[in-house]
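**Student:** Residue -1 is where the sequence shown starts when you use this note's numbering, and the numbers rise one by one after that.
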Amino acid sequence: MVDQMITAHSILRDRYARRSLVMTCGLLVASTVATAFAFAAGEAVVRVGPVVAQRSTWLGWFAVLTFAVTLVDLTVDWKAGKRRHEDAVRRLSELKAELRTPPAPEEQAKLSLRYQVVMDSVPAIPDRLFASLKAAHLRKVEISTLLSERPGISVRAARKALRLKVREHPTS
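1) Can you tell me the Cβ-Cβ gap for R11 and V87, rounded? I've got them flagged as a contact below 8 Å.
2) Looking only at DSSP bridge pairs, what is V44 linked to?
3) For T33, name the three-state secondary structure that DSSP assigns.
4) Please return the same chain residues whose Cβ sits closer than 6 Å to the Cβ of K163, not counting the five positions on each side in sequence.
5) Could you give the residue range of the alpha helix (DSSP H) that holds E140?
6) How would you label T78, buried or exposed, when you count the other beta carbons within 10 angstroms and need 16 or more for buried?
7) Report the residue from A133, R154, A156 whose alpha carbon sits nearest the alpha carbon of Q2.
8) Should A32 and T64 be called a contact, given that it needs their Cβ atoms to be closer than 8 Å?
9) With three or more beta-carbon pairs closer than 8 Å as the criterion, would you say the segment 11 to 25 touches the segment 66 to 83?
10) By alpha-carbon positions, which one of I9, F60, R16 ends up nearest to A34?
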């Protein structure tokens, strides 16, 4: 269960990190373009599709759109989501390391309490994402098994072998 949660939170961490990076880079590029156009000389008429307007009008709407997307970015805060899931991965990984060796009888209650504290502290996995994250974890385990059984096989070849295995035996 802990290993599956590590996989789920790792996927969510990476997803939020990717979204945050794309949003930040997009906003930086949009701001740079808007600034460059602000310093362009002249009042040219610009056609974008069927709409014709002055360059300054397009620049104004582009700036408004960039500002609106910035507000959305601040509200959604994918960086905070990334940090929450990153922290969950760290805590769960530490717990997994502790659970690797069977505890002494006098330590079982303490480890059980630690397990409960960690599980209560990590963000919940949204129900709508649970099945797809579990499937990703199970694929990861199968690919890892294939890599262990066939040293030297590439990850790409292991993924392909898993897809073929699923096609040949869809219910197993």
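All C-beta atoms, glycine included, are put in the ideal place defined by N, C-alpha and C.
**Tutor:** Looking at the atomic coordinates:
1) 6 Å
2) A51
3) helix
4) none
5) 125 to 147
6) Here residue 78 is Ala; the residue named in the question, Thr, does not match the sequence. Exposed is the call here.
7) A133
8) yes
9) yes
10) F60
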